[in-house]
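What the sequence shown shows, in the working numbering, is residues 2 to 124, in sequence order.
Even glycine gets a Cβ: it sits at the ideal position worked out from N, Cα and C.
Notes for the one structure printed next.
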Amino acid sequence: ALSGGLVIRYCESLSSLGGLMNVTSATGIEISGAGQLTSLGGLGGLRNIGCIALESNPALRSLAGLNSSSIQVGILILRHNAKLRSLHGCEGISALQNLIVEFNDALESGSGLGRLRNVTGQL
């Protein structure tokens, strides 16, 4: 568990989150400007997180890695991820406070949130 949050910004060569596979909870994870990151593989151990913000990750195609058996997320923010086509990979999210999805030009489908049982804020 992280006692605080994790911020990764403008790491153009970052291609993997494999080193985070043992993180089970955090107040937040922000990943922005990770030029080579194509998926969220490595975040499969998360069970409880305050906020996940994924912004301006030009190669991000998949949210695979968030698909563990059950994750409680406070806020999920997806902005400016040019190649993100769907929300597949979010199947493990069972509770969510707010969902913000903006400016993901390739996004074709909102499917992937089928297990979501509880939304306490805005969609």
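Would residue i pass as an interface residue toward chain D - the criterion being a Cβ-Cβ separation below 9 Å?
i: N82; result: Among the protein chains of the structure shown there is no chain D, as only one such chain exists.
With DSSP run on the structure shown, which of helix, strand or coil describes residue i?
i: G51; result: strand
i: L61; result: coil
i: G19; result: helix
i: G29; result: strand
i: V8; result: strand
i: V120; result: strand
i: E13; result: coil
Can you tell me which of the options puts its alpha carbon nearest to the alpha carbon of residue i?
i: D1; options: E56, E13 and N82; result: Residue 1 lies beyond the stretch modelled for the chain, which goes from 2 to 124, so this question has no answer here.
i: I9; options: L41, N23, I32 and T39; result: I32
i: E13; options: L3, A60, S112 and G29; result: A60
i: G43; options: G51, L55 and V24; result: V24
i: L117; options: G93, A54, A35 and R80; result: G93
i: N1; options: S26, S71, Q37 and Q73; result: It is not possible to answer for residue 1, since the shown part of the chain is limited to 2 through 124.
State the CB to CB distance for the pair residue i and residue j, rounded to an integer number of angstroms; the pair is presumed to be in contact (CB under 8 Å).
i: S63; j: S95; result: Contact doesn't hold; Cβ gap of about 20 Å is too wide.
i: S87; j: E109; result: 6 Å
i: L100; j: I72; result: Not a contact, Cβ separation roughly 13 Å.
i: L3; j: A35; result: Going by Cβ atoms, the distance from L3 to A35 rounds to 18 Å, so no, they are not a contact pair.
Worksheet entry | Sequence ranges, beta strand (DSSP E) only - wholly within the segment 68–110, length at least 3 | DSSP runs (the beta strand (DSSP E)) wholly in the segment 68–110: 72–80 and 94–103.
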